[in-house]
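A.B. asks:
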Amino acid sequence: MARRIDYSARLPFSADRVYAALSDRDYWDGLMAEMRELTPTSHVESLTVEDSGIAVHLTQVIPRETLPTIAQTVMKKDLVITRKASYGPFDGDTAKGEFSASIPAGPGALDGTIELFNTPTGSTLRTSPEAKVFIPFVGSKLEQLMLVNLVDLFRAEAEFTEKWLSDRA
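Letter 115 of the sequence shown, counting from 1, is numbered 115 in UniProt numbering, and no numbers are missing.
1) Using a Cβ-Cβ cutoff of less than 6 Å, which residues in the same chain neighbour residue 113 once the five nearest sequence positions on both sides are dropped?
2) DSSP state of residue 90, grouped into three classes?
3) In three-state DSSP terms, what is residue 114?
4) Measure the beta-carbon distance from residue 23 to residue 62 and round it to whole angstroms, keeping in mind my assumption that it falls under 8 Å.
5) Should residue 42 be labelled buried (16 or more other beta-carbon atoms within 10 Å of its own) or exposed?
6) Given a threshold of 16 other Cβ atoms within 10 Å of its Cβ, counted over all protein chains shown, does residue 69 qualify as buried or as exposed?
7) Considering residue 125, what are the terminal residues of the beta strand (DSSP E) in which it resides?
8) Verify whether the separation of the beta carbon atoms of residue 15 and residue 160 is less than 8 Å.
9) Select from 110, 58, 101, 140 the residue whose C-alpha is nearest the C-alpha of residue 28.
10) Residue 188 and residue 108 look like a contact to me (Cβ under 8 Å); what is the Cβ gap, rounded to whole Å?
11) In terms of DSSP beta bridges, what is residue 101 paired with?
12) Could you round the C-beta distance between residue 80 and residue 104 to whole angstroms and report it? I think they count as a contact, below 8 Å.
13) When the Cα atoms are used, what is the spatial distance from residue 148 to residue 155?
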């Protein structure tokens with residue numbers, strides 16, 4: 001059974017400024033540099049920006065020994081996470097997209113939707129991930145663990161985004 005959450009990052013910048021950051025290679029390189037604290041090997045595989053939107057492909061590696069014990073029972077090697085996100089065109093108020101994260105030979109899947117929209121105080125980047133782990137007895141525990149860790153990741157990414165945009169104001 002899959003588990004799903006919604007996470008909203010409220011940013012004090014307009015959605016068009018946030019969207020511009022998402023289309024900037026320096027933003028993604030900076031984010032991956034920041035994430036190396038959690039995932040020592042993190043880098044941008046590709047970033048494509050076109051009239052039809054933005055597509056980004058990231059790779060992050062978490063050393064096996066830093067994983068929770070329950071995850072180590074399943075993962076016999078370092079955790080290699082391939083993240084892909086795409087954002088449709090920004091229409092002046094909203095951009096919608098989707099994302100996925102995969103682990104080679106991983107026992108599950110993670111994907112979801114993204115929505116960036118203006119608010120009276122700036123903008124909101126809403127992420128709705130769904131985790132599925134196909135292992136009897138521990139699958140639901142791993143799904144919950146994934147989602148809890150994702151909230152921490154989304155929070156860190158929102159803090160980075162706010163700081164990155166503040167530094168360029």
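Idealized CB from N, CA, C, for every residue including glycine.
Quick caveat, the model's predicted, so the values are computed rather than measured.
C.D. replies: Checking against the coordinates, here is how it stands:
1) Hits under 6 Å: 98, 128.
2) coil
3) strand
4) Residue 23 to residue 62, Cβ: 27 Å. No contact.
5) buried
6) exposed
7) 122 to 133
8) no
9) 58
10) There is simply no residue 188 to check, as the chain begins at 1 and stops at 169 in what is shown.
11) 83, 110
12) 6 Å
13) 11 Å
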